[in-house]
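> With the working numbering applied, the sequence shown closes on residue 685, and no number is skipped along the way.
Can you read through this structure? Questions will come right after.
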Amino acid sequence: MSLGPLLEVEGLAKHYPVRRGLIIPRAVGTVKAVDGVSFSLARGETLALVGESGCGKSTTARLVLRLIEASAGIVRFEGTDISDMSGAPLRKLRRRMQIVFQDPFASLNPRMTVGDILEEPLIVHNIGDAMARRARVNQLLHLVGLAQYHATRYPHEFSGGQRQRIGIARALAVEPSLVVCDEPVSALDVSIQAQVVNLLKDLQVRLGLSYLFIAHDLAVVKHMADRVAVMYLGRIVEIGPKAALFAAPLHPYTRTLLAAIPRPDPHRRVARTIPGGDMPSPMNPPPGCHFNTRCPFATEKCRTDDPSLREFGGGHQAACHYVETLPPYSAAEGVHAQTPAAAKRLALYAERRARVTETAG
């Protein structure tokens with residue numbers, strides 16, 4: 325009998341009330357940081373969450389781990405609903421779900437030695453005696469490419485890449501099944517990024533780990549992920565296998581993310597379809613499709629009707645009214661193929677943006 329998904333998330337939401345007033349605070353709005361996110365993660369799989377800063381990726385990860393409480397939705401881990409867990413059952417569950425934080429300089433206690441940092445989760449979960457814990461610390465250091473003598477040093481004595489290795493070792497200390505990687509390489513140099521990504525992939529194969537991988541760098545995602553979920557303003561707008569999503573993205577927002585990837589060829593001149601303006605405020609998202617204020621293909625329907633995720637074969641889903649009628653996508657150039665209809669719509673969009681800019685000036 326085949327095992328079900330390791331992790332299932334249904335309708336996950338996190339809303340923060342916004343209050344004003346010092347003496348008598350009153351609610352004046354709600355920030356919808358995460359707004360109805362659903363996905364699943366198979367055993368041994370890597371699912372990447374990508375999107376602009378502020379789209380809700382890290383909040384989603386913390387909701388999954390119960391580091392913050394959800395406003396709505398269900399999180400199932402190994403078939404068990406963990407949304408209402410507390411006390412001893414929740415602490416026991418945390419052995420199976422760990423996180424690697426983004427900043428290796430802030431996520432390690434500067435007053436503790438590396439050995440104490442790695443031993444702490446073993447003490448919290450009452451794993452082994454003192455001798456067994458020291459042996460486990462040495463094993464973890466070897467696992468991430470560090471030496472045994474590093475256990476007596478403090479975090480400030482290490483480089484950024486070494487600190488992130490320590491963070492990875494701490495996450496693996498209690499032998500989890502799920503590891504959330506919250507932009508684990510964004511604070512590192514490019515050469516060190518490659519080392520940490522290769523380490524994560526190697527550990528996944530050796531230990532059978534599942535990763536929820538959060539990143540901005542699509543080149544890292546392409547190397548790391550099995551499936552990719554694209555988030556925009558608290559919602560997943562496209563999700564599917566990595567190969568399909570990079571070769572034939574369905575949602576206009578995904579296309580613009582791929583078009584923004586730098587291409588190392590100074591002689592290559594391509595008209596990019598990168599959206600103008602900033603992401604709307606999650607406190608006041610636009611009606612209909614949240615991307616309609618920046619989408620070059622938006623119509624009146626997009627401004628009134630909220631699209632839901634639809635299946636387009638092979639587990640590839642997108643939330644767009646016009647997936648079937650969008651212009652073809654050129655994987656070689658990373659842009660929309662310029663059909664006459666698309667060119668006209670893009671020209672109108674550019675003209676409208678120019679008028680808005682002129683008026684603002």
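Ideal Cβ placement from N, Cα and C applies to all residues, glycine included.
Model, not experiment: these values are computed from the prediction.
Bridge partners for leucine 371 per DSSP, in chain order?
Within the sequence shown, residue 371 is the residue found at index 47, counting from 1. DSSP output for leucine 371 lists Leu536, Arg551 as bridge partner(s).
> With a CB to CB cut of under 6 angstroms and the five nearest residues on each side skipped, what residues in its chain are close to valine 352?
Sequence index remark: in the sequence shown, residue 352 carries index 28 (1-based). Hits under 6 angstroms: Val342, Arg344.
> Can you tell me whether DSSP reads tyrosine 473 as helix, strand or coil?
Working through the sequence shown from its first residue, we reach residue 473 at position 149. Three-state result, tyrosine 473: helix.
> Return the CA-CA distance between glutamine 419 and arginine 634, expressed in angstroms with no decimal places.
Against the sequence shown, residue 419 aligns to sequence position 95. Against the sequence shown, residue 634 aligns to sequence position 310. Here residue 419 is arginine; the residue named in the question, glutamine, does not match the sequence. Cα-Cα distance, rounded: 35 angstroms.
> Under the assumption that methionine 555 contacts glycine 380 (Cβ atoms under 8 angstroms), give the Cβ distance between them as a whole number of angstroms.
On the sequence shown, residue 555 is found 231 positions in, with the first residue counted as 1. On the sequence shown, residue 380 is found 56 positions in, with the first residue counted as 1. Indeed, because the Cβ distance is near 6 angstroms, the residues count as touching under 8 angstroms.
> Alpha carbon to alpha carbon, what distance is there between alanine 495 and valine 399?
Taking the first residue of the sequence shown as position 1, residue 399 is located at position 75. Taking the first residue of the sequence shown as position 1, residue 495 is located at position 171. Computed Cα separation, rounded: 21 angstroms.
> Whole angstroms is fine: what's the gap from serine 501's alpha carbon to proline 349's?
Stepping through the sequence shown from its first residue, residue 501 is reached at position 177. Stepping through the sequence shown from its first residue, residue 349 is reached at position 25. Computed Cα separation, rounded: 43 angstroms.
> Under 8 angstroms Cβ to Cβ from proline 604, same chain only, skipping five residues before and after it: list those, please.
Translated into the one-based positions of the sequence shown, residue 604 becomes position 280. For proline 604, where only same-chain residues beyond five positions count, the Cβ hits under 8 angstroms are Leu557, Pro610, His614, Thr617.
> Quickly, what does DSSP pair glutamate 635 with across the bridge? List them, please.
Counted from its first residue, the sequence shown places residue 635 at position 311. Partner(s): Gln641.
> Could you tell me the distance, in whole angstroms, from the CA atom of glycine 564 to the CA atom of glycine 375?
Translated into positions along the sequence shown, residue 564 becomes position 240. Translated into positions along the sequence shown, residue 375 becomes position 51. The straight-line gap separating the alpha-carbon atoms of glycine 564 and glycine 375 is approximately 15 angstroms.
> Relative to the C-alpha of alanine 567, which candidate in Arg390, Ala372, Gln517, Pro586 has its C-alpha closest?
The count along the sequence shown starts at 1 and reaches residue 567 at position 243. Considering only alpha carbons, the answer is Ala372.
> Report the rounded CA-to-CA distance for proline 573 versus serine 362, giving the unit in angstroms.
The count along the sequence shown starts at 1 and reaches residue 573 at position 249. The count along the sequence shown starts at 1 and reaches residue 362 at position 38. For proline 573 and serine 362, the distance between alpha carbons rounds to 19 angstroms.
> Using the three-state DSSP reduction, which class does threonine 437 fall into: helix, strand or coil?
The residue given as residue 437 occupies position 113 in the sequence shown. Threonine 437: coil per DSSP, three-state reduction.
> Which residue from Leu330, Ala642, Arg457, Gly411 puts its Cα closest to that of threonine 404?
The residue labelled residue 404 in the question sits at position 80 within the sequence shown. Closest option to threonine 404, Cα to Cα, is Leu330.
> Considering just the uninterrupted stretch of the beta strand (DSSP E) at tyrosine 340, what are its terminal residues?
Taking the sequence shown and counting its residues from 1, the one referred to as residue 340 is at position 16. Start and end: 331-344.
> By how many angstroms is the C-alpha of leucine 346 removed from the C-alpha of leucine 365?
As a first step, residue 365 must be located in the sequence shown, where it is residue number 41. As a first step, residue 346 must be located in the sequence shown, where it is residue number 22. If you take the alpha carbons of leucine 365 and leucine 346, they lie about 44 angstroms apart.
> If you follow the beta strand (DSSP E) that valine 498 is in, where does it begin and where does it stop?
Sequence index remark: in the sequence shown, residue 498 carries index 174 (1-based). First-last for valine 498: undefined, no H or E at that position.
> Would you kindly check if the distance between the Cβ of isoleucine 516 and the Cβ of glycine 469 is under 8 angstroms?
Counting from one through the sequence shown, the residue named residue 469 turns up at place 145. Counting from one through the sequence shown, the residue named residue 516 turns up at place 192. No, Cβ-Cβ distance for glycine 469 and isoleucine 516 is not below 8 angstroms.
> What residues in its chain sit with their C-beta under 7 angstroms from that of histidine 547, if we drop five residues either side in the sequence?
Residue mapping note: residue 547 aligns to position 223 of the sequence shown, counting from 1. Excluding the 5 residues flanking it on each side, histidine 547 has same chain C-beta neighbours closer than 7 angstroms at Val521, in chain order.
> Does glycine 360 come out as helix, strand or coil in the three-state DSSP assignment?
The sequence position of residue 360 within the sequence shown is 36, counting from 1. Looking at glycine 360 - three-state DSSP - the assignment turns out to be strand.
> Assign phenylalanine 429 to one of two classes, buried (16 or more other C-beta atoms within 10 Å of its C-beta) or exposed (fewer than that).
Taking the sequence shown and counting its residues from 1, the one referred to as residue 429 is at position 105. So phenylalanine 429 counts as exposed.
> Spatial neighbours of methionine 421 within its chain, please: CB distance less than 7 angstroms, with the 5 preceding and 5 following residues excluded, ordered by chain position.
Here residue 421 corresponds to residue number 97 of the sequence shown, with the count starting at 1. By the criterion of a C-beta distance shorter than 7 angstroms, methionine 421 is surrounded in its chain by Leu389, Phe401, Pro500, Leu502, once the five residues flanking it on both sides are discounted.
> Return the first residue and the last residue of the alpha helix (DSSP H) that phenylalanine 686 is part of.
With the chain covering 325 to 685 only, the question about residue 686 has no answer from this structure.
> Thinking C-beta only, is alanine 493 closer than 8 angstroms to leucine 531?
Position 207 of the sequence shown holds residue 531. Position 169 of the sequence shown holds residue 493. Cβ atoms of leucine 531 and alanine 493: not closer than 8 angstroms.
> Helix or strand or just coil, what does DSSP make of aspartate 526?
One-based indexing of the sequence shown puts residue 526 at position 202. Of the three classes helix, strand and coil, the one that applies to aspartate 526 here is helix, per DSSP.
> Spell out whether any CB of chain B is found under 8 angstroms from the CB atom of glycine 532.
Judged by its chain identifiers, the structure shown contains no chain B, having just a single protein chain.
> What is the C-beta distance between valine 333 and glycine 378, in whole angstroms, given that I count them as a contact (C-beta under 8 angstroms)?
For the purposes of this step, residue 333 is identified with residue 9 of the sequence shown, where counting begins at 1. For the purposes of this step, residue 378 is identified with residue 54 of the sequence shown, where counting begins at 1. With a Cβ gap of about 20 angstroms, valine 333 and glycine 378 do not count as contacting.
> Please report how far the alpha carbon of alanine 583 lies from the alpha carbon of threonine 354, in whole angstroms.
By one-based count along the sequence shown, residue 583 stands at place 259. By one-based count along the sequence shown, residue 354 stands at place 30. Cα to Cα, alanine 583 sits roughly 32 angstroms from threonine 354.
> Should histidine 640 go down as buried or exposed, given a rule of 16 or more other Cβ atoms within 10 Å for buried?
Looking up residue 640 in the sequence shown gives position 316. Counting Cβ neighbours within 10 Å, histidine 640 comes out buried, since at least 16 surround it.
> Comparing alpha-carbon positions, which option in Gly360, Tyr535, Ser632 lies nearest arginine 367?
Position 43 of the sequence shown, counted from the start, is the residue given in the question as residue 367. Ranking the options by Cα distance to arginine 367, first place goes to Tyr535.
> When the distance is taken between beta carbons, is alanine 543 closer than 8 angstroms to isoleucine 585?
Translated into the one-based positions of the sequence shown, residue 585 becomes position 261. Translated into the one-based positions of the sequence shown, residue 543 becomes position 219. Yes, the Cβ-Cβ distance between isoleucine 585 and alanine 543 is below 8 angstroms.
> Who does methionine 421 pair with in a DSSP beta bridge?
Reading the sequence shown from its first residue, position 97 is the one you call residue 421. The partner list for methionine 421 (beta bridge, DSSP) reads Leu502.
> Would valine 438 and arginine 386 qualify as a contact pair, given that the criterion is a beta-carbon distance under 8 angstroms?
As a working mapping, residue 438 is identified with position 114 in the sequence shown. As a working mapping, residue 386 is identified with position 62 in the sequence shown. No, the pair does not count as a contact, with Cβ atoms beyond the cut-off.
> Assuming proline 631 and alanine 643 are in contact, meaning their beta carbons sit under 8 angstroms apart, how far apart are those beta carbons, in whole angstroms?
Taking the sequence shown and counting its residues from 1, one reaches residue 631 at position 307. Taking the sequence shown and counting its residues from 1, one reaches residue 643 at position 319. That pair is a contact at about 5 angstroms.
> In this structure, what does DSSP give as the bridge partners for aspartate 351?
Locating residue 351 in the sequence shown gives position 27, counting from the first residue. Sequence check: residue 351 is alanine here, not aspartate. Partner(s): Arg343.
> In chain order, what residues of the same chain lie with their CB nearer than 8 angstroms to the CB of alanine 553, ignoring the 5 residues before and after it?
The count along the sequence shown starts at 1 and reaches residue 553 at position 229. Cβ within range, chain order: Phe363, Leu371, Ala372, Leu373, Val374, Ile560, Glu562, Ile563.
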